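Numbering of the sequence shown is given in my numbering, commencing with residue 1 and proceeding in unit increments.
Here's the structure we're looking at; comments come further down.
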Amino acid sequence: MTHVLRRGRASLAFSFLVQGVAFALLVTRIPAIQDRYGVSDALLPAFLAAVPILAGVGSVTTERLVKRVRPSRLLRWSQPVVLLALLGVGAGERMVELGVALAAFGLAVGVLDASMNMLGVSLQRSYGRSIMLSFHAAYSLGGIVGASLAWVGAHWQLALWVSYLPVVLVLLPAVLVGSRWYVDDRDAGPVAEEEAGEGQAVVFKWLLPLCLVMTVAYIGDSTVSNWSAKYLQDVLGSSEQMATVPYNVYMVTTLLGRAIGDLGVRRFGAVAVVRGGALVAAGGFAVVAAAPGAWVGMLGFTLLGLGLCVLVPQTFAAAGRLFPGASDAAVARLNVFNYVGFLIGSPLVGALGDLWSYRGAMLVPMVLVLVTLVYARSFAPQPDRYGGGHERPRTADVGRGSNGL
């Protein structure tokens, strides 16, 4: 059984990595996609907002589908669709083709995201210890690989479809083979629903501060993923090749931050780490907004990765501390707000950039991330809400499941 779980964990981690690659290849080539299809700056936010909207639809659909279809099967077939949709984005010529490809990408990502995290939570339950951060570290690594491949494509001035095709040809059969070892736990779903049952109103009331922090964190993250390349190229005057670098740097610093973040929580506590992360992220936005050139802008995006990376994992961890007997239900409800953050972040920065300036637009997520300081006490341990046998240091480190950052 241990061998089965290990293979299941490795195959799921690979799926997270592939997801990171695909998403990075999409968002870091936004200027090239915009040029290929002639998408105006005014219309671009609508295209960017469509992906998280349809991903939300895909996630809601998945919640219903898993009553009849195993999450492993949904993941097995949604990931190839994501990769093929990415190739469609690069291969199309008309705007309607871009719309169809992005629609397929968004819907499939919603199914993929939900099913991956379902499998991650069930594997974590089988392991009896938190392993979710390892999956999201794999996602960060995939983002680094994807952004690096995007840099190569921009450096050699490759057509988008030429840049995407080799990646899809390698990863698509690999995920199909790896999907053979996914591990399902069908008993976990009903248990989680039972735990959530009577306390829904109370759960939402206590979760509300964390929901706000989650939304703010994803506004910041979506600003980087959707606008960093365009900002560096159009505002700071970098080359198309260099415009692919900020997201790569952001993913590297996110990975590094996750690697040392748990040590910081153990030593200084979750409240101090969250406050520090919020301040560093706000400083990053300030540097980006005031940057005189591309290299200083890169420094700002580096600070953003180090600051934002601690917020989402610690928000999930705080939800687990608040509801130790119903952590799955709490995490599932909290997770909805990553889509809220993406929906707000992408069009907000685009609209402010058009109406005002993109430099000024960067100050808005800066102010929003500082709101985290107001709710930092929500991340403090709640010993009175724990029954016997709950261990403070371990539960403070990570959450049971998460998305994105």
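In this text, a Cβ means the ideal position worked out from N, Cα and C, and glycines have one as well.
In this text the structure is predicted, and so the values were computed from the model without any measurement.
In the structure shown, what three-state DSSP assignment does ARG70 receive?
Here residue 70 refers to the residue found at position 70 of the sequence shown. In the three-state scheme derived from DSSP, where H, G and I count as helix and E and B as strand, ARG70 is classed as coil.
For HIS136, does the count of other Cβ atoms within 10 angstroms reach 16, so buried, or fall short, so exposed?
Mapped onto the sequence shown, residue 136 falls at position 136. HIS136 should be labelled buried.
Inter-residue CB distance, GLY90 and LEU160 (contact presumed, cutoff 8 Å)
Indexing the sequence shown from 1 puts residue 90 at position 90. Indexing the sequence shown from 1 puts residue 160 at position 160. Right, their Cβ atoms sit about 3 Å apart.
Quick test of your reading: VAL216 and THR2, contact by CB under 8 Å. State the CB separation rounded to the nearest angstrom.
As a position in the sequence shown, residue 216 is number 216, starting the count at 1. As a position in the sequence shown, residue 2 is number 2, starting the count at 1. Between VAL216 and THR2 a beta carbon distance of about 40 Å is seen, past the 8 Å cut, so the two are scored as non-contacting.
Let's test the definition: count the other Cβ atoms within 10 Å of the Cβ of ALA108 and tell me whether it reaches 16, buried, or not, exposed.
Along the sequence shown, read from residue 1 onward, the residue named residue 108 stands at position 108. Counting Cβ neighbours within 10 Å, ALA108 comes out buried, since at least 16 surround it.
Limits of the alpha helix (DSSP H) - the one that CYS211 falls within:
Here residue 211 is taken as the residue at index 211 of the sequence shown, counted from 1. CYS211 -> alpha helix (DSSP H) spans 200-230.
Once you ignore the five residues that flank LEU44 on each side, which residues in its own chain have a CB closer than 7 Å to its CB?
Residue 44 sits at position 44 when you count from the first residue of the sequence shown. Its chain contains GLN34, GLY350 as the residues whose beta carbon lies nearer than 7 Å to that of LEU44, once the 5 sequence neighbours on both sides are disregarded; these appear in chain order.
Simplified DSSP assignment, three categories, for ALA291
One-based indexing of the sequence shown puts residue 291 at position 291. For ALA291, the secondary structure class from DSSP, reduced to helix, strand or coil, is coil.
For ALA188, count the other beta carbons within 10 Å of its own beta carbon; 16 or more makes it buried, fewer makes it exposed. Which is it?
Locating residue 188 in the sequence shown gives position 188, counting from the first residue. A caution first: ALA188 carries a pLDDT of 39, below 50, which makes its placement in the model unreliable, though a value can still be read off. That one is buried.
Between the alpha carbons of PRO71 and ASP184, how many angstroms are there, rounded?
On the sequence shown, position 71 is the one that residue 71 refers to. On the sequence shown, position 184 is the one that residue 184 refers to. For the pair PRO71 and ASP184, the Cα-to-Cα distance works out to about 7 Å.
Does the distance from the CB of VAL249 to the CB of MET214 come in under 8 Å?
As a first step, residue 249 must be located in the sequence shown, where it is residue number 249. As a first step, residue 214 must be located in the sequence shown, where it is residue number 214. A distance of 8 Å or more separates the beta carbons of VAL249 and MET214.
Spatially closest choice to ARG36 from ARG76, GLY293, VAL265, GLU93, by CA coordinates
Numbered from 1 along the sequence shown, position 36 holds the residue referred to as residue 36. The residue with the shortest Cα to Cα distance from ARG36 is GLU93.
Secondary structure of SER140, DSSP reduced to three states
Numbered from its first residue, the sequence shown carries residue 140 at position 140. In this structure, DSSP gives SER140 a helical state, which the three-state scheme calls helix.
Between the Cα of ALA150 and the Cα atoms of VAL170, ARG180, GLU240, which residue gives the shortest distance?
For the purposes of this step, residue 150 is taken as residue 150 along the sequence shown, with counting starting at 1. When C-alpha distances from ALA150 are compared across VAL170, ARG180, GLU240, the shortest belongs to GLU240.
Taking all protein chains shown into account, decide if SER59 is buried (16 or more other Cβ within 10 angstroms of its Cβ) or exposed.
For this step, residue 59 is matched to residue 59 along the sequence shown. Buried, since its Cβ has 16 or more Cβ neighbours within 10 Å.
Under three-state DSSP, which class holds SER421?
Because the chain is modelled from 1 through 405, residue 421 falls outside the range shown and cannot be assessed.
Between the CA atoms of ALA291 and LEU236 - distance to the nearest angstrom
As a working mapping, residue 236 is identified with position 236 in the sequence shown. As a working mapping, residue 291 is identified with position 291 in the sequence shown. Spanning the two alpha carbons is a distance of roughly 8 Å.
State the CB to CB distance for the pair ASP271 and GLY264, rounded to an integer number of angstroms; the pair is presumed to be in contact (CB under 8 Å).
As a position in the sequence shown, residue 271 is number 271, starting the count at 1. As a position in the sequence shown, residue 264 is number 264, starting the count at 1. Residue identity differs from the one stated: residue 271 is Val in this sequence, not Asp. Contact doesn't hold; Cβ gap of about 11 Å is too wide.
Residue of VAL111, PHE204, GLY153, ALA24 minimising C-alpha distance to ALA319
Taking the sequence shown and counting its residues from 1, the one referred to as residue 319 is at position 319. Comparing Cα positions, the closest option is PHE204.
I'd like the list of long-range same chain contacts for GLY277, defined as Cβ closer than 6 Å, with 5 residues on each side in sequence excluded.
Here residue 277 corresponds to residue number 277 of the sequence shown, with the count starting at 1. By the criterion of a C-beta distance shorter than 6 Å, GLY277 is surrounded in its chain by GLY307, VAL310, LEU311, once the five residues flanking it on both sides are discounted.
State yes or no: is the C-beta of PHE105 within less than 8 Å of the C-beta of LEU75?
Position 105 of the sequence shown, counted from the start, is the residue given in the question as residue 105. Position 75 of the sequence shown, counted from the start, is the residue given in the question as residue 75. No, these two residues do not count as a Cβ contact at 8 Å.
State whether the region 136-148 contacts the region 18-31, with contact taken as three or more CB pairs (one from each stretch) at a distance under 8 Å.
Enough Cβ pairs lie closer than 8 Å, so yes.
Let me check understanding here. Comparing Cα to Cα, which of SER228, ALA103, THR61 lies closest to GLY284?
Working through the sequence shown from its first residue, we reach residue 284 at position 284. The option with the nearest alpha carbon to GLY284 is SER228.
Does SER346 come out as helix, strand or coil in the three-state DSSP assignment?
Start at 1 with the first residue of the sequence shown, and residue 346 comes out as number 346. Of the three classes helix, strand and coil, the one that applies to SER346 here is helix, per DSSP.
Counting only the same chain and skipping the five closest in sequence on each side, list residues whose C-beta sits under 8 Å from that of ALA50.
Translated into the one-based positions of the sequence shown, residue 50 becomes position 50. If we look at ALA50 and ignore the five residues flanking it on each side, its Cβ neighbours are GLY99, LEU102, ALA103, GLY106.
Would you kindly report the start and end of the unbroken alpha helix (DSSP H) that includes ALA243?
Translated into positions along the sequence shown, residue 243 becomes position 243. Run containing ALA243: 240-243, per the alpha helix (DSSP H) assignment.
I need the DSSP call for LEU176, collapsed to helix, strand or coil.
Start at 1 with the first residue of the sequence shown, and residue 176 comes out as number 176. Per DSSP, reduced to three states, the secondary structure at LEU176 is helical.
Would GLY257 be called buried (16 or more neighbouring beta carbons within 10 Å of its own) or exposed?
As a position in the sequence shown, residue 257 is number 257, starting the count at 1. Flag for GLY257 reads buried.
I think GLY8 touches TRP181, with their Cβ atoms under 8 Å apart; what is that distance to the nearest whole Å?
Counting from 1 along the sequence shown, the entry for residue 8 is found at position 8. Counting from 1 along the sequence shown, the entry for residue 181 is found at position 181. Confirmed, about 6 Å.
Keeping to the same chain, check which residues put their C-beta closer than 6 Å to that of SER222; ignore five residues upstream and five downstream.
Counted from its first residue, the sequence shown places residue 222 at position 222. PHE342, GLY345, SER346, listed in sequence order.
Is it buried or exposed, ARG377, if we count other Cβ atoms within 10 angstroms and call 16 or more buried?
By one-based count along the sequence shown, residue 377 stands at place 377. Around the Cβ of ARG377, a 10 Å sphere holds fewer than 16 other Cβ atoms; the residue is exposed.
Please name the residue, chosen from LEU355, GLY120, LEU212, THR62, that lies closest to ALA10 on a Cα-to-Cα basis.
Locating residue 10 in the sequence shown gives position 10, where the first residue counts as 1. Answer by Cα proximity: GLY120.
Where does ARG29 sit, in a helix, a strand or coil, going by DSSP?
If you number the sequence shown from 1, residue 29 lands on position 29. Note: ARG29 maps to coil in three-state DSSP.
Three-state secondary structure assigned by DSSP to ASP113:
Position 113 of the sequence shown holds residue 113. Helix.
On the three-state DSSP scale, how would you describe ALA188?
As a position in the sequence shown, residue 188 is number 188, starting the count at 1. Reliability of the predicted coordinates at ALA188 is poor, the pLDDT of 39 falling under 50, and the value obtained from them is presented with this limitation in mind. In the structure shown, ALA188 sits in a helix (DSSP, three-state: H, G or I).
Measure the C-alpha to C-alpha separation of PRO246 and VAL224 and round it to an integer number of angstroms.
Position 246 of the sequence shown, counted from the first residue, corresponds to residue 246. Position 224 of the sequence shown, counted from the first residue, corresponds to residue 224. Whole-angstrom Cα-Cα distance: 8 Å.
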